[in-house]
Amino acid sequence: MQKRWLGFFGIVMLIVAAVAFNRYYLPGLAYQDNAADSVGNFSLKLNEPSVLYGMVVDDFLVIEDKIKRNERLGDILLEYNVPARLIHQVSQVSRNIFDVRKIVPNKKYTLICNQDSLKTAQAFVYEPNPIDYIVFRFGDSLTIDVCKRDVVTVEKGIAGEIRSNLSETIEELGISHELTNKFVDIFAWQVDFARLQKGDKFKLIYEESQVEGVTVSIDKIKAIYFEHVGSPYYAFPLDQGDGVDFFDQDGKSLRKALLKYPIEFTRISSRYTMSRFHPVQKRWKAHLGTDFAAPTGTPIRSVGDGTIEEAQYKSNNGNYVKIRHNGTYTTQYLHMSRIADGVRAGTRVRQGQTIGYVGSTGLATGPHLCYRFWKNGVQVDALKIDLPPSEPVKKEYVAQFETVKQDLTSRLQAIPFPDQNKQEPIAAL
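Quick note on UniProt numbering: the sequence shown kicks off at 1 and runs consecutively.
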């Protein structure tokens, strides 16, 4: 009996010694305690290595930052002791791989450095957007990997009720302005979004792209129901062979030859009127345009295809662009902070193309866009212009449209409106 006891005691002592050895002498292993287990029940587990951009970084210093204004890649690499010959190789990289001149402010970068006083960079990672990233590795020679994160497409349904304006309502539901802008562009000629009523309702089915569970873009809207002052409006997509257009419940196209808004939907600060007190000249005069308040640098887009007639600076207009769309319609965009590259008299532009950026040049007290509209040479109210009627679904696509409409209508009806006191969260479909 005594020998058995000594034998058992010896096994216990060996186990205790092994545990102590694991805790203090095997740094790559982790000990898991479990108070409920007996002395003999313990487990050994390897620590998971920290992996970043495909590299194990446990023994390195990781520094994350954003590109600063006027900062060059070479300046960053020099600060972190990358050899001059490798910095020169970076500057000579083929533009087909990566154009180092396109590194822009406020984009994220990551440095993976040695943990010493010099903090010498072993790798530099630049992220131009949430999907793409470029990895520069500095060893005996330079290596570059252009990588993409996995993108997942998720379909979602949403319903909301207007309390103040569309943008704020959609923000309450946790959606970016990108969805608001797509929504407004579809219905811009049917609904005056600057004059929505409290209690107006909407439902949308749309697709978004996600990277690692985070939304990176709104891909497309698949269906809309919008109730404005008690009147229902629908939007259904259909491709008739030349791209997707949206149609109402009667099969009439919602698209016009011209966009209604020259910038993404924002606040209208001054409307077309024959009598307005000019804030700079301090006198009453006609205001034959529509002012859109927006932050400096907001992109301004051409409302339609056309040819640039003027793109220059004048004392009253500031930086401005004037576009002739056809023999009937001409538009003008004033007070730009700057005109977009390549936009000059005689060049062709496409609908939606960026032609400049919001500013306050010329006779302006703050950043805004003054948008002017001519029909047959006469200035008119851009928001009240009567454009040609919409084209209906082509006869050969009517059956297909009816199938699409019925399917999407039933799916929209299945999305419940939110409680009046609380906006409901977005639901994946």
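Every residue gets a Cβ at the ideal spot worked out from N, C-alpha and C, and that includes glycine. Bear in mind the structure is a predicted one, so any value in this text is a computation, not a measurement.
Between the segment 390-408 and the segment 226-244, do three or more beta carbon pairs fall short of 8 Å? They touch, by the three-pair rule.
Rounded to the nearest angstrom, what separates residue 452 and isoleucine 221 at their Cα positions? Limits of the chain in this structure are 1 at one end and 429 at the other, which puts residue 452 out of reach.
Separation of isoleucine 268 from alanine 194, as counted between CA atoms: Using only the alpha carbons, I get a separation of about 7 Å.
Own chain partners of leucine 6 with C-beta closer than 7 Å, once the 5 adjacent residues on each side are dropped: Its pLDDT being 48, under 50, leucine 6 is placed unreliably in this model, and the coordinates cannot settle the point.
Three-pair Cβ contact test at 8 Å for the segment 321-335 versus the segment 356-374: At 8 Å Cβ cutoff, the stretches touch.
Is the distance from the Cβ of isoleucine 158 to the Cβ of leucine 173 below 8 Å? Yes, the Cβ-Cβ distance between isoleucine 158 and leucine 173 is below 8 Å.
First through last residue of the beta strand (DSSP E) which encompasses asparagine 114: That run of the beta strand (DSSP E) goes 108-114.
Between the segment 350-363 and the segment 375-393, are three or more C-beta pairs nearer than 8 Å? Taking 8 Å as the limit for Cβ pairs, the verdict is that the segment 375-393 does not touch the segment 350-363.
In chain order, what residues of the same chain have a beta carbon less than 6 Å from the beta carbon of glutamate 178, not counting five sequence neighbours either side? Result list for glutamate 178: Ile218, in chain order.
Is DSSP giving valine 303 helix, strand or coil here? Residue state, collapsed to three classes: coil.
Applying the 10 Å Cβ sphere with the 16-neighbour rule, what's the burial state of alanine 113? The question names alanine, yet the displayed sequence has cysteine at residue 113. Around the beta-carbon of cysteine 113, 16 or more other beta-carbon atoms lie within 10 Å, marking it buried.
Give me the DSSP bridge partner(s) of valine 378. Answer by DSSP bridge pairing, in chain order: Lys375.
In the DSSP assignment, find the beta strand (DSSP E) that holds glutamate 127 and state where it starts and stops. DSSP places glutamate 127 inside the beta strand (DSSP E), whose first and last residues are 121-127.
Among Tyr313, Lys405, Lys322, which has the Cα closest to the Cα of leucine 363? Relative to leucine 363, the option among Tyr313, Lys405, Lys322 whose CA is nearest is Tyr313.
Isoleucine 308: which of Pro299, Thr110, Asp419, Ile323 sits nearest, CA to CA? In terms of Cα proximity to isoleucine 308, the closest of Pro299, Thr110, Asp419, Ile323 is Ile323.
Starting from the N-terminal side, write out each stretch of the alpha helix (DSSP H) that is 4 residues or longer and does not extend beyond the segment 133-207. Qualifying alpha helix (DSSP H) stretches, in chain order: 166-172, 177-187.
Own chain residues within Cβ distance below 7 Å of leucine 111, not counting five before or after: Counting only Cβ-Cβ distances below 7 Å, and skipping sequence neighbours, we find Ile63, Tyr80, Ala121, Phe124.
According to DSSP, simplified to helix, strand and coil, what is alanine 415? One detail in the question is off: residue 415 reads as isoleucine in this sequence, not alanine. In the three-state DSSP reduction, isoleucine 415 falls in the coil class, being neither helix nor strand.
Residues near isoleucine 224 in its chain [Cβ-Cβ closer than 6 Å; skip 5 each side]: Excluding positions up to five away in sequence, the list reads Leu204, Ala235.
Who are the Cβ neighbours of threonine 153 in its own chain at under 7 Å, not counting the five residues just before and after it? Answer for threonine 153: Glu207, Ser209, Asp219, listed in chain order.
Is DSSP giving alanine 235 helix, strand or coil here? Three-state DSSP puts alanine 235 in a strand.
Taking lysine 260 as the reference, give the member of Trp189, Lys201, Tyr126 with the closest Cα. Across the set Trp189, Lys201, Tyr126, the C-alpha of Trp189 shows the shortest separation from the C-alpha of lysine 260.
Taking just the CA atoms, how far does aspartate 132 sit from valine 151? Cα to Cα, valine 151 sits roughly 10 Å from aspartate 132.
Extent of the continuous beta strand (DSSP E) run through isoleucine 221: Isoleucine 221 -> beta strand (DSSP E) spans 214-228.
Do valine 303 and glutamate 310 have their C-beta atoms within less than 8 Å of each other? Taking the C-beta atoms as reference points, glutamate 310 is found no nearer than 8 Å to valine 303.
So is glycine 346 buried or exposed if we call it buried at 16+ other beta carbons inside 10 Å? Its Cβ having fewer than 16 others within 10 Å, glycine 346 is exposed.
With H, G and I counted as helix, E and B as strand and the rest as coil, what does DSSP make of lysine 394? Three-state DSSP puts lysine 394 in coil, outside helix and strand.
List the residues that DSSP assigns as beta-bridge partners of leucine 363. Leucine 363 is not bridged to any residue.
Indicate the three-state DSSP secondary structure (helix, strand or coil) for glutamate 264 in the structure shown. It is coil, neither helix nor strand.
Which residues does DSSP list as the beta-bridge partners of lysine 102? Lysine 102 is not bridged to any residue.
Three-state secondary structure (DSSP) of glycine 74: Glycine 74 falls in the helix class under three-state DSSP.
Would proline 299 and isoleucine 263 qualify as a contact pair, given that the criterion is a beta-carbon distance under 8 Å? Closer than 8 Å, so yes.
Select from Glu168, Glu212, Val211 the residue whose C-alpha is nearest the C-alpha of leucine 196. Cα-wise, what sits closest to leucine 196 is Glu168.
Could you check which residue in Leu118, Thr403, Asp305, Arg344 has the C-alpha nearest to that of glutamine 249? The candidate whose alpha carbon is nearest that of glutamine 249 is Thr403.
Short of 6 Å in beta carbon distance, which residues of its chain neighbour proline 49, apart from the five on each side in sequence? Order them along the chain. Excluding its 5 nearest sequence neighbours in each direction, proline 49 has C-beta neighbours in its own chain below 6 Å: Val56, Asp58, listed in chain order.
Comparing C-alpha positions only, which one of Thr290, Asp419, Asp305, Asp245 sits nearest to glutamate 391? It is Asp245 whose Cα lies nearest to the Cα of glutamate 391.
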